[in-house]
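Please read the structure below before turning to the comments.
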Amino acid sequence: MAVMDGRYADGSSGKRIKPNLSMLQIINMSMGFLGIQMAFGLQNGNASRILANLGADVHELSWFWLVAPITGLIVQPIIGHMGDNTWSPLGRRKPYFLIGAVLCAIGLVLLPNAASVTQMFAANALLLAVIFLAMMDASVNIAMEPFRALVGDMLPKHQGTIGFSVQTILIGIGAVLGSYLPNWLTKLGISNEAPKGFVADNVIYSFYVGAALLIISILYTIITTREYSPQEFAEFEDGKEAEPEKSKFSDIFKDFATIPVQMKKLGIVQFFSWFALFTMWVFTTSALATHHMGLSPEDTHSKAFNDAGDLTGKLFGMYNLWAIPFAFLLTPIAKWIGKKQTHALALLCGGLGLISMYFIKDVNNLWVSMIGLGFAWASILAMPYAMLIEVIPQRKMGVYMGIFNFFIVIPQIINGLFGGPIVSGVFGKQAMDYVVVGGICMLIGAVVTMIFVKSDNETPKEIEEEIKQVHF
């Protein structure tokens, strides 16, 4: 039976059906993710470099990076729960976009300037940098979680893969901009050399640009997207959305205890995937400096080390760039072989990509490794969520998306605690060896996907319908 404006065309009563959204509407509601990922790309490509410039040793880097997953562990379920149970004149999720964007923009300005702030307040530059990093991470999580939930809120389930794929494309564009900015500014003549105890100018100015684009992109989504009201959600859920019992923060723990089985299985896959990603983000600069450029692990200030930092940003930009075309291909590939098979294939390619970095000696050829990582990154950002929204109740979309984040941050916390000591004590501060361990973890994720994750709920016919129903 056809539906019009979300209702049955014959006017019959019954549960209201969410209307399909056009491609432009899907892009509009996800545009803020471009700015968020630009900030994330700047952080991923430069945080280790900034901390090293300010005096952090290689074995300490993973400890400082613990700030990101710990804040995510705390913030995302709370924000998801609050979004599920509050409504404002601005909407259900949009207030958190705005608050997170403003705070993150402030963090982007402050982080690379920690040394200058130190001179004003007589504080420790490295400690201030960690505080500003924590501020950025908490703010990114405040803004990021509602975007995941917004796809589940706004789209009918058969458009879920398209919705998360569009987010992946915008994430890729934002990350490419953030990753390449320092390198582009260096080519424009801005110095990439950092005086001892300070951060290079090309990094500082990149963070300024990132802060501005973050605010602009978030405001674009807020202005162009109208969220459904609580009454409309109640109609979509056939009255189930309206809960007479007042929600409490303690409900988060009850929700955690009742997460769907499919979510637990996907969580195991996420564990190995994000353990590998965290390894890459934290240790690539040091890995390139020691393995490819022959520098001492203690060299964290020379031009050669900062060249390794620029190269890290460039490589991270490459895998995000490769993720863009792969994001377009995710739905057709899923139609052909299935969602879980698509994700397993992507993780296989990503694992081989990370491992290949050890064997490719010429840095000019490392772009080959980034192809596999691009495929993996595109799938990690889309396919688990597309499979997840099939089993999540609408009224719990935000909190379950936040809880699902546990399976992303816990492996990062474990890696953060033990990664640095392993690199220092087991691998003699040769970080590239640990990058290979990350690649092996991603291969394990591929195997787990094939063995444990449930097969697709959708038939190929339904996926084909998903493609046809998205229109400009």
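The letter at position 48 of the sequence shown is residue 45 when you use our numbering, and the numbering goes up by one with no holes.
Built from N, CA and C at the ideal position, the CB exists for glycine as well.
Would you mind working out which of ILE219, LEU185, LEU312 and LEU123 sits nearest LEU147, comparing C-alpha positions?
Here the closest residue by C-alpha is ILE219.
Quick one: which unbroken alpha helix (DSSP H) runs of 4-plus residues sit fully inside the region 255 to 325? Chain order, please.
258 to 284
Could you tell me whether the Cβ atoms of VAL137 and LEU125 are closer together than 9 Å?
no
Could you tell me which residues DSSP pairs with GLY88 in its beta bridges?
SER85
Look up ALA64 in the DSSP assignment and say whether it is helix, strand or coil.
Going by the sequence as given, residue 64 is Val instead of Ala. Three-state DSSP puts VAL64 in a helix.
Residue range of the alpha helix (DSSP H) that MET141 falls in?
122 to 151
Kindly indicate the opening and closing residues of the alpha helix (DSSP H) around ARG223.
No alpha helix (DSSP H) holds ARG223; DSSP gives it neither H nor E.
In three-state terms, what does DSSP make of GLU190?
coil
According to the neighbour-count rule (16 or more other Cβ atoms, all chains shown, within 10 Å of its Cβ), is VAL450 buried or exposed?
buried
Alpha carbon to alpha carbon, what distance is there between LEU385 and LEU440?
21 Å
Compute the Euclidean distance between the alpha carbons of VAL206 and SER27, then round it to the nearest angstrom.
20 Å
If contact is defined by three or more beta carbon pairs under 8 Å, each pair taking one atom from either stretch, is the region 302 to 310 in contact with the region 36 to 48?
yes
Using DSSP with H/G/I as helix, E/B as strand and the rest coil, what is TYR5?
In this predicted model, TYR5 has a pLDDT of only 42, less than 50, meaning its place in the structure is not dependable enough to derive any value.
Is the CB-CB distance between ASN25 and THR297 below 9 Å?
no
Closest by CA to MET544, which one among LYS332, TRP333, GLY97 and ILE437?
Since the first and last residues shown for the chain are -2 and 469, residue 544 lies out of range.
Just the Cα atoms here: how many angstroms apart are LYS300 and THR183?
12 Å
Taking just the CA atoms, how far does PRO143 sit from THR222?
Pairing THR222 with PRO143, the inter-Cα distance amounts to about 13 Å.
Which residue marks the beginning of the alpha helix (DSSP H) containing PHE161, and which one marks its end?
157 to 184
How about ILE334 and GLY350: are their beta carbons less than 9 Å apart?
Note that the C-beta distance between ILE334 and GLY350 is not below 9 Å.
If you draw a straight line from the alpha carbon of HIS155 to that of VAL64, how long is it in whole angstroms?
Rounded to the nearest angstrom, the gap between the Cα atoms of HIS155 and VAL64 is 36 Å.
Among ILE330, VAL388, ALA209 and VAL200, which has the Cα closest to the Cα of ALA111?
VAL200
Count the other CB atoms within 10 Å of the CB of VAL258; is the residue buried (16 or more) or exposed (fewer)?
Classification of VAL258: exposed, given that the 10 Å Cβ count is below 16.
Pairing CB atoms from the region 174 to 190 with CB atoms from the region 345 to 361, are three or more of them under 8 Å?
no
Would you mind working out which of GLY413, THR158, PHE401 and PHE325 sits nearest LEU70, comparing C-alpha positions?
Closest by alpha carbon: PHE401.
Please list, in chain order, all residues of the same chain as ARG90 whose beta carbon is under 8 Å from its beta carbon, the five residues on each side excluded.
GLY80, PRO143, PHE144, ALA146, LEU147, ASP150, GLU224 and GLY395
What is the DSSP secondary structure of ASP198, counted as helix, strand or coil?
helix
Please name the residue, chosen from PHE204, MET132, ASP54 and LYS261, that lies closest to PRO381 on a Cα-to-Cα basis.
LYS261
Considering only the beta carbon of each residue, do MET315 and TRP364 sit closer than 9 Å?
yes
Could you give the C-beta distance for PHE268 and PHE404, rounded to a whole number, given that I count them as a contact under 8 Å?
6 Å
Taking the straight line between their C-alpha atoms, what separation do you get for GLU242 and GLN409?
For GLU242, the predicted model reports a pLDDT of 48, less than 50, meaning its position is unreliable and no value from the coordinates is stated.
Please confirm whether LEU18 and THR158 have their CB atoms less than 9 Å apart.
no
Would a C-beta distance cut-off of 9 Å place PHE37 and GLY175 closer than the cut-off?
yes
Below 9 Å between beta carbons: does that hold for THR309 and GLY42?
Judged by beta-carbon spacing, GLY42 lies within the 9 Å limit of THR309, meaning their Cβ atoms are closer than that value.
Buried or exposed for MET35, going by 16 or more other Cβ atoms inside 10 Å?
buried
So within the region 358 to 402, which uninterrupted alpha helix (DSSP H) runs reach at least 4 residues, ignoring any that extend past its ends?
364 to 377, 380 to 385 and 394 to 401
Does the Cβ of CYS438 lie closer than 8 Å to at least one heavy atom of the ligand GDP?
Inclusion of the ligand GDP in the displayed structure is not the case, the ligand content being empty and no account of it being possible.
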